[in-house]
Every structure is written in C-alpha cells, then in structure tokens.
Amino acid sequence: MPDAAPLALTLLLLPALAVFLLSYAPLYLPRPLNIPPNAPHLSVMTYNLGAIKTQTAPLIDVIRAMEADVVALQELSATAAPHIAAALAEVYPYQALNPHENGFDGHGILSRYPLHATYSYPYSPMRLRLQRVMIEFEGNAITLYNAHPQPITESWRAPDVLIQRQQIAYLVEEASKQASPRLLLGDFNTNEQSSDYQGIIRAGFADAHYTAGWGMGFTNPVWSSITVPDAPAWLALIPVHRRIDFVFYDSAFTAIQSHVWPDAGGSDHYPVYAQLALVE
Numbered sequence: 004m005p006d007a008a009p010l011a012l013t014l015l016l017l018p019a020l021a022v023f024l025l026s027y028a029p030l031y032l033p034r035p036l037n038i039p040p041n042a043p044h045l046s047v048m049t050y051n052l053g054a055i056k057t058q059t060a061p062l063i064d065v066i067r068a069m070e071a072d073v074v075a076l077q078e079l080s081a082t083a084a085p086h087i088a089a090a091l092a093e094v095y096p097y098q099a100l101n102p103h104e105n106g107f108d109g110h111g112i113l114s115r116y117p118l119h120a121t122y123s124y125p126y127s128p129m130r131l132r133l134q135r136v137m138i139e140f141e142g143n144a145i146t147l148y149n150a151h152p153q154p155i156t157e158s159w160r161a162p163d164v165l166i167q168r169q170q171i172a173y174l175v176e177e178a179s180k181q182a183s184p185r186l187l188l189g190d191f192n193t194n195e196q197s198s199d200y201q202g203i204i205r206a207g208f209a210d211a212h213y214t215a216g217w218g219m220g221f222t223n224p225v226w227s228s229i230t231v232p233d234a235p236a237w238l239a240l241i242p243v244h245r246r247i248d249f250v251f252y253d254s255a256f257t258a259i260q261s262h263v264w265p266d267a268g269g270s271d272h273y274p275v276y277a278q279l280a281l282v283e
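Here this note's numbering is used: the first residue of the sequence shown is 4, the next is one more, and so on.
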C-alpha cells in the first residue's frame with residue numbers, strides 16, 4: 004500500500020500554492036501597456052540610503068548610474084547630505100534635502116525639474132517621516148510624496164502595528180487633498196500582502212512594479228558591512244526576501260517599466276526605478 008503521507012502533504016500545500024500563483028504569477032507574465040504616443044515620460048527612483056554617514060561615493064555612483072529624472076531619498080544623514088548635494092548638483096540642480104543627525108529620520112528629493120512648495124512634515128507627534136514637493140514637469144504640476152513610515156518593530160520599541168497604519172492612512176488622506184497628478188515613493192516598511200498596501204491601492208494608486216516590473220522585486224534586507232559593521236558572518240547568508248520599497252502612481256500616469264537596481268551602494272536596500280507616462 005503506498006504511503007499516504009506525501010499525498011497528504013501535497014494536499015495541505017495546494018491552498019498555499021494557489022494563493023501564491025494568484026498573487027504573483029502576473030509578475031512573471033507579459034502585461035499589455037497602453038501608452039499614448041505623445042505622452043511625456045518621467046523617470047523616478049526611490050532609494051533608502053541606510054543612514055550611511057561616511058562612505059557616500061558608492062551611493063552617489065548608484066544614483067548617477069540610474070539616471071532617473073527625480074530621486075526620492077530616505078535615511079539621509081546630515082553627514083552624507085552635503086556630499087550627495089555637491090556631487091550631483093550638475094545632474095540634479097533642483098534639490099530639497101532634509102537630512103537628520105541620526106540618519107534614519109532624514110529624507111530628500113533630487114530633481115532635473117524645478118521643485119516648488121517643498122514641505123517636510125513635522126516629526127512629532129506621529130513620528131512621521133514624510134516630505135512633499137511639487138514638480139514642474141512639461142507644463143504640469145505633479146505632487147510627489149516621499150514617505151518612510153515606521154517599521155512595525157524597532158530595537159528601542161515593542162512591536163507596534165498601529166503607528167505604521169496611522170502614518171500610511173495619514174499619507175493617503177494628505178494625498179487625497181491634491182488635485183494634481185500624484186506620486187507616492189519611498190520605503191513603506193510593509194509589503195503587498197498588508198492591509199496598509201491595499202489601502203493605498205483602494206485609494207486609487209497603482210504599484211509600478213506590479214504593473215510593469217518582472218519577478219518578485221525584493222529590495223530588502225541587503226546585507227552590508229557598512230550599515231551593519233558588527234553583524235555576525237551568518238547574516239550575509241540571508242537572502243533578500245522583502246519588497247518594501249515602492250513607486251505608486253495615480254490614474255494620471257501609467258507605468259512603462261519598473262525594476263530593482265542590482266547595486267545597493269552599501270545600503271541595506273536596493274533602489275527601485277520606474278518610468279511613467281503622464282497620460283492625463
């Protein structure tokens with residue numbers, strides 16, 4: 004009589020396999036793109052710098068190599084900011100940098116296009132790490148939010164799901180006030196299976212990777228001796244397994260392409276690049 008254990012195990016795994024296929028199979032299949040021929044193209048990237056303070060040359064090399072029109076930076080340290088600003092001033096003459104001494108709470112925007120109405124939201128009382136800029140692009144005003152919600156767990160705090168949920172809900176509410184085309188970029192510290200991600204989608208935003216990317220698109224954690232110099236050797240064996248860095252866009256855009264850059268520049272995040280067409 005054949006052993007029933009393998010069959011039972013297969014039956015138990017079938018629901019999980021079905022969920023995986025329904026959720027992720029489209030990421031491995033061609034998706035039709037309907038791009039109006041005269042729509043202007045805007046390329047953007049989001050990059051968590053890992054709060055790096057000194058070894059900024061690799062970060063700058065990555066930003067320069069990706070050649071995006073607009074760059075959203077998270078974890079911009081006060082030490083790294085002037086080096087990045089000076090090295091990329093010719094490529095990105097428009098800059099809105101808000102670094103922080105601890106690095107983790109800093110952020111900034113680099114742009115080939117003029118920036119207006121730049122605003123960095125107050126950190127207190129929500130521990131909010133959020134920036135808003137208006138980009139002057141091809142005669143259009145585009146509102147871009149550079150977001151870095153708190154992770155659910157941090158070394159100095161017990162697990163806290165609510166604070167991240169409140170921050171993402173606040174971001175969606177703020178974006179809903181804008182009549183102009185809107186982009187949400189950043190390290191959201193959550194994934195596509197979370198209710199917070201679904202809340203962004205329900206608010207009328209699309210995920211550039213899911214629309215025009217390929218594969219799982221994992222961005223974190225990238226082991227780096229720069230960001231975790233005292234880490235045990237086995238940490239390098241942990242593969243990158245989370246997609247928490249996103250480019251979201253509203254119905255004024257459609258995604259042409261999206262990909263994860265294979266060089267983290269010493270950060271613990273791979274940057275994400277997306278090319279968008281402004282269709283409205």
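Built from N, CA and C at the ideal position, the CB exists for glycine as well. Bear in mind that the values here come from a model prediction, so they are computed numbers and not experimental data.
| With C-beta atoms as the reference, is phenylalanine 251 less than 7 Å away from leucine 187? | Yes, Cβ-Cβ distance for phenylalanine 251 and leucine 187 is below 7 Å.
>> Going by C-alpha to C-alpha distance, which of Leu279, Gln278 and Gly268 sits closest to isoleucine 87?
In response: Nearest in C-alpha terms to isoleucine 87, of all of Leu279, Gln278 and Gly268, is Gly268.
Anticipated Cβ contact below 8 Å, glycine 189 with phenylalanine 249, distance rounded: Sure, about 7 Å apart at Cβ, within 8 Å.
Selected residue, minimal CA-CA separation from proline 125, among Arg115, Ile145, Ala144 and His103
Each of Arg115, Ile145, Ala144 and His103 was checked against the Cα of proline 125, and the nearest Cα belongs to His103.
- Message: For valine 243, which residues in the same chain have their Cβ closer than 8 Å to its Cβ, ignoring the five residues on either side in sequence?
- Response: Closer than 8 Å at Cβ, skipping near neighbours: Phe221, Thr222, Asn223, Pro224, Val225 and Tyr273.
> alanine 258 bridges to which residues according to DSSP?
Replying inline: Partner(s): Leu279.
- Query: Helix, strand or coil: which one does DSSP assign to glycine 202?
  - Reply: Looking at glycine 202 - three-state DSSP - the assignment turns out to be helix.
Contact between the stretch 89 to 102 and the stretch 194 to 211: three or more CB pairs below 8 Å? The stretch 89 to 102 makes no contact with the stretch 194 to 211; the number of CB pairs closer than 8 Å stays below 3.
- Is aspartate 64 closer than 7 Å to serine 46 when the C-beta atoms are compared? Taking the C-beta atoms as reference points, aspartate 64 is found no nearer than 7 Å to serine 46.
Notebook entry, point to check: With 16 other CB atoms within 10 Å as the buried threshold, where does valine 263 fall?
Noted result: It counts as buried.
TODO: Entirely within the stretch 132 to 183 and at least 3 residues each: give me those beta strand (DSSP E) ranges in chain order.
DONE: Qualifying beta strand (DSSP E) stretches, in chain order: 133 to 140 and 143 to 150.
Bridge partners for threonine 59 per DSSP, in chain order? Looking at the DSSP assignment, threonine 59 forms no beta bridge with any residue, so it has no partner.
**Message:** Only counting the same chain, and skipping five residues up and downstream in sequence, which positions put a Cβ closer than 8 Å to that of alanine 234?
**Reply:** Contacts found: Trp226 and Ser228.
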